Amino acid sequence: MLYKEYDYVASMRLQFLASQRRRAEQFTVVVRSIPHVSGCSVSETVDHFFQTNHPSNYLCHQAVYKANKFAKLARKRDRLQNWLDYNLLKFERKQWQKTMEQTAEPDLNLKSYLADAYLHPIFRSFEEQELVEVSVDKHQTLAATPITSELSSPSPPHYARQTPPSSPQSAHYQSSPPQYVYNSNSSQL
1 MLYKEYDYVA SMRLQFLASQ RRRAEQFTVV VRSIPHVSGC SVSETVDHFF QTNHPSNYLC
61 HQAVYKANKF AKLARKRDRL QNWLDYNLLK FERKQWQKTM EQTAEPDLNL KSYLADAYLH
121 PIFRSFEEQE LVEVSVDKHQ TLAATPITSE LSSPSPPHYA RQTPPSSPQS AHYQSSPPQY
181 VYNSNSSQL
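Position 102 (the sequence shown) corresponds to 102 in UniProt numbering; numbering is contiguous.
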């Protein structure tokens with residue numbers, strides 16, 4: 001039964017091919033190992049080979065490539081694109097955490113880091129230590145010396161404490177930490 005069906009389908013194919021004009025797809029030849037001509041592409045090499053060796057039988061050619069190679073290249077491209085997108089998002093998210101040690105040339109970014117001391121944790125820790133030392137020294141001198149000696153001191157300290165106004169509206173100043181202002185007229189550095 002299958003033999004009869006196959007015979008019927010084959011005869012229909014032959015009738016269809018006989019009724020159509022001659023096309024290149026009807027005459028397919030698979031070719032391998034054509035000698036490569038230097039300075040020409042693969043397509044030009046195949047075309048030159050058939051026009052030289054088989055000019056009466058040659059109509060055209062179409063190159064067939066291995067799909068696995070293209071699939072691997074497409075996967076590699078997608079993987080690299082994902083990697084690039086991930087790292088760009090990571091850089092945008094963690095840009096504030098970038099330190100001077102991570103830069104290739106730290107001298108280029110040194111001015112921007114020094115301009116804002118709160119940006120880098122090293123500078124922040126130095127400033128906190130300085131404020132703590134100043135406030136501790138200030139409290140120790142106030143406790144150890146009488147009030148008259150504080151008023152008669154010849155040179156003001158490097159950091160002077162701002163005193164809030166003594167009004168009932170300024171009650172919130174008492175709960176805030178002491179604020180220090182840099183005294184530019186100070187002779188102590």
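Cβ atoms here follow ideal geometry from the backbone N, Cα and C, with glycine treated the same way. Note that this is a predicted model, so its numbers are computed, not measured.
Throw me the rounded Cβ distance for the residue i and residue j pair, which I believe falls under 8 Å.
i, j, result
"valine 37", "alanine 63", "The pair is not a contact, with the Cβ atoms about 15 Å apart (cut-off 8 Å)."
Tell me the rounded alpha-carbon separation between residue i and residue j.
i, j, result
"phenylalanine 49", "tyrosine 3", "41 Å"
"glutamate 44", "arginine 32", "15 Å"
"tyrosine 86", "lysine 76", "15 Å"
"valine 46", "leucine 17", "27 Å"
"alanine 35", "asparagine 68", "A small correction: the amino acid at residue 35 is proline; alanine does not occupy that position in the sequence shown. Taking the straight line from one Cα to the other gives about 24 Å."
"leucine 14", "glutamate 5", "14 Å"
"tyrosine 8", "phenylalanine 70", "39 Å"
"methionine 12", "threonine 52", "36 Å"
"serine 90", "aspartate 78", "Looking at the sequence itself, residue 90 is lysine, so the reference to serine does not match. Computed Cα separation, rounded: 18 Å."
"tyrosine 65", "glycine 39", "20 Å"
"arginine 22", "alanine 10", "18 Å"
"glutamine 20", "methionine 1", "30 Å"
"leucine 80", "alanine 74", "10 Å"
"methionine 100", "lysine 72", "Reliability of the predicted coordinates at methionine 100 is poor, the pLDDT of 48 falling under 50, and no value is obtained from them."
"leucine 84", "histidine 61", "39 Å"
"leucine 88", "asparagine 82", "10 Å"
(message) For the structure I just gave you, are there three or more beta carbon pairs, one from the region 49–64 and one from the region 20–34, closer than 8 Å?
(response) Yes, since at least three Cβ pairs between the region 49–64 and the region 20–34 fall closer than 8 Å, the two stretches touch.
(message) Please give me, in chain order, every unbroken run of the alpha helix (DSSP H) with length at least 4 that falls completely inside the region 24–96.
(response) Taking only runs of at least 4 residues, the alpha helix (DSSP H) segments lying wholly in the region 24–96 are 42–53, 67–93.
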